[in-house]
Amino acid sequence: MHTPPALGSVALVGAGPGDPELLTLKALRRLEAAQVVVHDHLVGAAILDMIPVGVERIYVGKKASHHTLPQEEISALLLRLARAGKRVVRLKGGDPFVFGRGGEEMETLLAAGITVEIVPGITAALGAGAAFGFPLTHRDHAQSCVFVTGHLKDHSVNLDWPALARPQQTLVFYMGMAGLDTIVTQLQAHGLAPDTPAALIYKATLPEQRLWRSTLAELPDTARRHGVKPPALIVIGSVLRLAAMAPRLPEAPALW
Ligand SMILES: C[S@@+](CC[C@H](N)C(=O)[O-])C[C@H]1O[C@@H](n2cnc3c(N)ncnc32)[C@H](O)[C@@H]1O
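Just so we're aligned, residue 205 is where the sequence shown starts under the numbering used here, counting upward by one.
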């Protein structure tokens, strides 16, 4: 009689913002024990190098609007691998549950009876604050911090602007470069001061990392002048003033 293979398992693992030293010990252990690693483009070479030789790697990378594999197919691939009895690591940039679609993958797998483990990672906003020396909250500057997606399915940015434009708050937009003009226009229209400190942060925690200082009103111009491309964060709020104290910041005009 034919016995079906025992079901495998999937660990949804956060690889952190880029610096391999920011990988958690648990993430490293899961990579070392994996039989297959399914990864995307935000996971850098230094982290992929930690996967033992002989472990199968499957690239399912995604860049905004250049999908290598549609999300449903990624979930279906994970399901197929787990049903074939494999110990699968689904490795994602940052944290799998922060704008990482880890929730959708988890739902598909759990619905099929597959064991899923979540291994958190350091999300890009936390990596950026640490790399450039600004806190996300501070008693004198921000009592709350909001992580926002700047990328919606139909390329529009339709957010709760009155809530986002509140004072004493740090805003971190992920995937916001394409919607930058709308973000800046809407925040100002809802009352956020044009001279609010703002920054564009590219590849935080990696050797190529850059921070461009700006103000809310000047952000689109800053982005165009420097040709800022994803992966980048848009950070808005007066906590950024503390970044000016960080020794590693390049020379920049004293905007804030
Ligand atoms: C699909 S989201 C994934 C976020 C990820 N799950 C996390 O927790 O950081 C991709 C976006 O994250 C941001 N991002 C990821 N890594 C970054 C980094 N090292 N520096 C700046 N932004 C980054 C960019 O806004 C990029 O477009």
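Idealized CB from N, CA, C, for every residue including glycine.
Closer than 8 Å is the cut-off here; do at least three beta carbon pairs connect the segment 289-302 with the segment 231-241?
yes
Indicate the three-state DSSP secondary structure (helix, strand or coil) for residue 298 in the structure shown.
strand
Could you check the C-alpha separation between residue 395 and residue 421 for me, to the nearest Å?
12 Å
What's the gap between the Cα of residue 315 and the Cα of residue 308?
11 Å
Identify whether residue 311 lies in helix, strand or coil by the three-state DSSP scheme.
helix
Who are the near neighbours of residue 398 in its chain, counting only those whose CB is closer than 7 Å to its CB and skipping five residues on each side?
392, 419, 420 and 421
State yes or no: is the C-beta of residue 413 nearer than 8 Å to some heavy atom of ligand 1?
yes
Quick check on this structure: which residue in 428, 447 and 363 has the alpha carbon closest to the alpha carbon of residue 401?
447
Counterpart residues of residue 373 in DSSP-defined beta bridges
348
Using CA atoms only, rank isn't needed, just tell me which of 321, 413, 434 and 364 is closest to residue 382.
434
Tell me, to the nearest whole angstrom, how far the beta carbon of residue 410 is from that of residue 304; I am working on the premise that it is less than 8 Å.
That belief does not hold up - the Cβ atoms of residue 410 and residue 304 are roughly 18 Å apart, past 8 Å.
Pick helix, strand or coil for residue 255, following the three-state DSSP scheme.
coil
DSSP puts residue 213 in a beta bridge; with which residues?
291 and 319
Answer yes or no: do residue 235 and residue 254 have a C-beta to C-beta separation smaller than 9 Å?
yes
Which term fits residue 347, buried or exposed, when burial requires 16 or more other beta carbons within 10 angstroms of its beta carbon?
exposed
Tell me residue 342's beta-bridge partners as DSSP assigns them.
346
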